[in-house]
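Each step along the sequence shown adds one to the number in the numbering used here, with nothing skipped, and position 215 is 217.
Read through the structure below, which is laid out as structure tokens, and then see the notes.
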Amino acid sequence: MEIPIQSNLEVIAISLHTKNPLCICNIYLPDSSNLLLNDLNNIIRQLPKPFLFLGDFNSRNPIWGSNYTDARRKIVEKFLDNEQIILLNTGEHTRHNVANNSFSSIDLSITSSSLAPKTKWKVLTEYNCSDHWPISIELLDQSPQIPFPPKWNTKKPNWELFNDLISQSITENPIEIDSPINQTTINSLTNKFTHTILTAATKAIGKTNHNTKKNLVPWWNHECNESIKRYKRCLNKFKKSNSPLDHIQLKKARAQSRYITKKRKTETWQKYTSSINTNTPSMEVWNKIKAIKGISYHRLPLVLQHNNISLSTPSDITKAFAEVFQKNSSDSNYDPEFATFKDTFEMYTTNEPELDPHPHLNFLNMPFSTSEMLDARSNCNSKSPGPDDIPYSFIKNLPSIGLNQLLQIYNLIWETGFYPDPWRNAIIIPIPKPNKNKFNISNYRPISLISTLSKLLEKMVNKRLTWFLETSKLLPINQCGFRRNHSTLDHLSCLHTDICNAINTKQHLILIALVLEKAYDMVWRNRVLHIIHKWGINGNILTFVKNFLRNRSIQVKAHHNLSNLYPTENGLPQGSVLSVTLFLIAIHDIFLQVQKPTKHLIFADDCYIYCSGININTTREILQNALHTLQEWANKSGFIFSPHKSKGIQFNLNIDTALYLKNTQIPFHKSLRILGLIFDNKLNWTTHLKQLKVACKVKLNVIKTLANHTWGADKKSLLNIYKTLILSQINYGSPIYNTAKPRHLKTLDLIHHEGIRLSIGAFRTSPTESILCYAGEIPLQLIRDKTTLLHCIKRKTTPNHIGHIPLLKKPQPSHQPQCQKKLTTIQDIYSNLCNKMNIHTSVEEKITFQKNPPWLWNIKLSTDLLTLCKHEISHKIIISHFHEIIQSRFPNHSLIYTDASKSENGVGFAVVHNQTTIKHKLPTITNIFTAENYAILEAIKLANSLQTNNFLIISDSLGVLTALKNPWHRSEITQITQSELINTQKTFEFMWVPSHVGIKGNEMADEAASLASNIPHNSIIDKISSYDIFTSVKNKILLSWQHHWDSIPPTNKLKHIKCSMKQWSTPPDLNRRQNIAITRIRIGQTFLTHSFLISKDQSPICNTCQTRITIRHNFEVCPIHESTRTLLNLPLNIKEALNEKHTLKTIKFITKVNLINKI
């Protein structure tokens, strides 16, 4: 049925009467037509929701996929800012102009926000009878259902029964080890243990049976089921009796069922939003929205194409996927030259590991301990099981007898060298590549699921191997991938500084980004073993790695069907923890033969070489020689450089450069994506900022969908999603592009403001400062300043790090001619910020890896007094117990007491030993944890200067003492303290005591620490931990924003009622509409009072008072609402009425006077 639309534009709308009503509106906007924003808004206002607004808009903008912009794009972009509509276009081109062979995206598909999650948008490029390609919009809730296989019911586990069953099974059937141990023995033990876990899980946990007749939602549970059943019973009873009492019970049951389902949906959503991180793709969030709404769809199409053949049966699809993924690691991918070298090498070289390890490496090959296994298990968070169907949650809930048996099996594998055959297999899940045709099998990447029992063992082996590689300095300093305390920002800051220095000294810089084809899949396994053996790593660890890499296989799972086993000839097992470290070993010498002045950077398999200079011919020759050297390395390592995918960029150079890789010229571009940032040849960051804006605009559609005025998510969840999905993307690399001009950086401010405005529900015309203040957020420029300071302070703790030099090393005077307008470096911004904000920059250095093996680290800590609560037990009893412990267990130890104190005048700590008292003062920004840590460090130094050999250090800081037990603790002071304990020849033990109970030495240390914090001229230790400086930086950034808010004129309506930048709390039971209403009222701009600014109408007038309607008018002046204000006891002053403590009264007021739906 046609819907009449009043408009001067070429537009037509119809209403479809299907299962769910839908309005479809089509529009054509010729280039010659004069388009106004109000014309489009007028059409939208006339369309019933939900609707699809489609057509040829003849508007070009990178946001929807065009390569350039036109005059109309600003109007359409402003139109799309409306939070009630969402653009479905994904960036694919929708038109092909054959005449000039150009592509554009001028056909737009717009939908109401509630309909967006139910749609799937796609351009059908296979139909080419017109220059405009057809667009397919699929309603996902109409898609067919596919039955899901049963899954473990981990939502309702009986872990107590699970523990009992495993304990009983292991007790009745203990491990029986035949001698000698062989591969069959190890397979039998692992299979038996796996069977024990699965049998117990089947009885104690069980599996869910999915019902495919109804749409499943992840928030539905047994409580929801029962509430609905209760409502139906009450409904049937009332239908029969028509009794007033039954009617009351019916209304109660109805209210309870609504409350329970709404509560479950909210709790599920909040739990999910808290799990979102910077790596969560927007598609995954869309999928979660669809799941919560009960919309079913399939990631994998039911019919796929492979070699121009259509595949529809699951067995054919899995077979085709398996063959494609197997080919990725085939010997046929190798260059002929390397294949010859490989055959010759393996013919004359044996890779049998040495059975007798070097004595100094015995600690690498010793049996694993329980503490190592528990430490590795604490970092196991994945929910997906491997081929053995055991998720990490089963391992985490094993009883102690089960853990002991598992450790026994691990040590048998470790000592015998036999790796279980069932653990060699991986299940591959095909995942579509972004922006690729999902119907083609070649456009999928593999995600591997391997045995969780195997991964736990790998974690323990990997920690030992990583520690040895790092402490032996076997990995190159310029490798920042998958290494502790390294990030892409380190490489980006190095590169940015070198580019700036080159341009500032009137030099050019040429960079080549090298691409390794199938780098992970084509690792030559024997090369990895040869390198490990050459480094002197042998015995158990080398044998384990060798057998770990041998006979690997894959199975592909698609449409719940498993393929046959397919062996892999080369490469490292994907999804494996150990494989990451083995890859770093395989690629460690890539730049070993590359000569200076060529510089190089590498992050995992992302490789870059660059060189700067004055003479272009010299620079070209240097880089070409480097490329020849790298190709020679590839011919002997098995890695393959792709000359077609490798790219180059020139800075401060207008002459074309010709460089060749394998006789193929490397293409040069004006801009190049390097580790996630787009560098342009002028280094003004305009290209990066434009593309970043486009990417964030698309992700804002997620916020729009969830920010619905009636059913939308709560403010806290939306802000969390915005920060993790959009703000994290904006913030990535911000210390680097912070050097751009302010006018360029401001293009991102609109994204930041809109994301926060949508999250809190503020009206479109609300002032920016009010939006940020109400949300408790800060502007992007302050976020960039904070990120820059934190990164530079972090790098200052690592003086031997590759990222330390460009940021903190003072530039040397250059004899090269200087530019008049110098490019700003990160170091310049850091120095300016430190001076401007008076940042404390004196920080202790990190010890990332201690020189002693961390798995051997152990300190003796007595916490016996924890059982005595000082608030419930007499202090005399505690003192008596303390003396008993000292006399019975530490009779020959010298006692040293430590304590710290924090006051308004500063922070101090003290050490007391017999008649000796040492006091020190720390900067005021130091927290008490650092001060207590310093006290223990000073106590160790004092003990080392004394004649006695046995010491007991007594402290009332349980947090610091517990931190000392952790060999991987991140506090610099803790690391230094541990290093002192490693290097000392004396014996130290530690003891915790409760504070202020009258233990003499502790009271003396407490008094001395208090004196140290209050004496202004006491000796000050200037260096503190990075955490203290981080906290200080964050506080100063917030204070800077508070000062800005204080300077805003009182005409700002929110400023009148909210003086602090701290976010106000909101009652938890408010719905989305109520949250939006209270937000808009406090900010002072609502639909009722300010929509005229958008529609260009006259401002609204109160019919009673004949004055303009404002928030103040409704809350203070208008006599028609006076009785309601009195009834609710609402303060007459708007500043008090809209205060944080009167939120519920305000909601009741606007509800009673029928304003809530007009705001």
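From the three backbone atoms N, C-alpha and C, an ideal C-beta is built for every residue, glycine too.
Chain-order list of residues whose beta-carbon lies under 6 Å from that of residue i (same chain, five-residue window excluded)
i: S68; result: R62, S106, S107
i: V1155; result: H1123, T1126
i: P159; result: I207
i: P569; result: S555
i: R1114; result: I1136
i: N862; result: It should be pointed out that residue 862 corresponds to Lys in this sequence rather than to Asn. Same-chain partners within the cutoff: E991.
Simplified DSSP assignment, three categories, for residue i
i: L357; result: Any answer about L357 is weak, because its pLDDT of 48 lies below 50 and its placement is not dependable; what the coordinates show is given next. DSSP places L357 in coil when its eight states are reduced to three.
i: K601; result: strand
i: Q481; result: strand
i: S190; result: helix
i: L54; result: strand
i: W123; result: strand
i: T2; result: Missing from the structure shown is residue 2; the chain here goes from 3 to 1161 and no further.
i: P424; result: helix
i: K559; result: strand
i: R64; result: For clarity, residue 64 is Pro in the given sequence; the question names Arg instead. Residue state, collapsed to three classes: helix.
i: E1214; result: With the chain covering only 3 through 1161, there is no way to say anything about residue 1214.
i: A515; result: strand
i: H915; result: strand
i: S997; result: coil
i: R1127; result: helix
i: F585; result: helix
i: F641; result: coil
i: P448; result: strand
8 Å CB neighbourhood of residue i in its chain, flanking five on each side removed
i: S1042; result: L784, M839
i: Y936; result: A902, F911, H922, L924, I975, I1023
i: F605; result: Q481, C482, G483, T490, H493, L677
i: E417; result: P369, N542
i: Q693; result: P64, I680
CB contact flag (residue i, residue j, <8 Å)
i: A324; j: S565; result: yes
i: F441; j: Q307; result: yes
i: E519; j: D333; result: no
i: Y724; j: I758; result: yes
i: L594; j: L584; result: no
i: D58; j: D109; result: yes
i: K398; j: V579; result: no
i: L200; j: I392; result: yes
i: F892; j: L954; result: yes
i: W123; j: I112; result: no
i: D337; j: N637; result: yes
i: V914; j: T928; result: no
i: Y446; j: K461; result: no
i: L685; j: I938; result: no
i: T600; j: I616; result: no
i: D1162; j: E756; result: Residue 1162 lies beyond the residue range present for the chain, which begins at 3 and ends at 1161; the question has no answer from this structure.
Close beta carbons around residue i, own chain, < 7 Å, minus the five adjacent residues each side
i: Q1100; result: F1094
i: G678; result: T490, Y734, G735
i: A709; result: E85, L720, L760, S761, G763
i: L867; result: I880, H883, F884, W994, V995, P996
i: N951; result: K988, T989
Cβ of residue i within 8 Å of any chain C Cβ
i: D166; result: Looking at the structure shown, chain C is missing, and only one protein chain is on hand.
Expected contact under 8 Å - CB spacing of residue i and residue j to nearest Å
i: F365; j: L858; result: 6 Å
i: T688; j: N740; result: T688 to N740, Cβ: 14 Å. No contact.
i: S317; j: N563; result: 6 Å
Should the stretch 699-707 be called in touch with the stretch 1058-1069, which here means at least 3 C-beta pairs below 8 Å? no
Whether or not the stretch 643-650 and the stretch 506-520 are in contact is what I'm after, with contact meaning three or more pairs of Cβ atoms, one per stretch, closer than 8 Å; do they touch?
yes
Would you be able to state if there are at least three C-beta pairs under 8 Å between the stretch 1096-1111 and the stretch 793-804?
no
Q | contact_flag[the stretch 821-833, the stretch 1061-1081] where n(CB pairs < 8 Å) is 3 or more | A | no
(Q) When you compare the stretch 87-100 with the stretch 26-33, are there three or more beta-carbon pairs, one atom per stretch, that lie closer than 8 Å? (A) no
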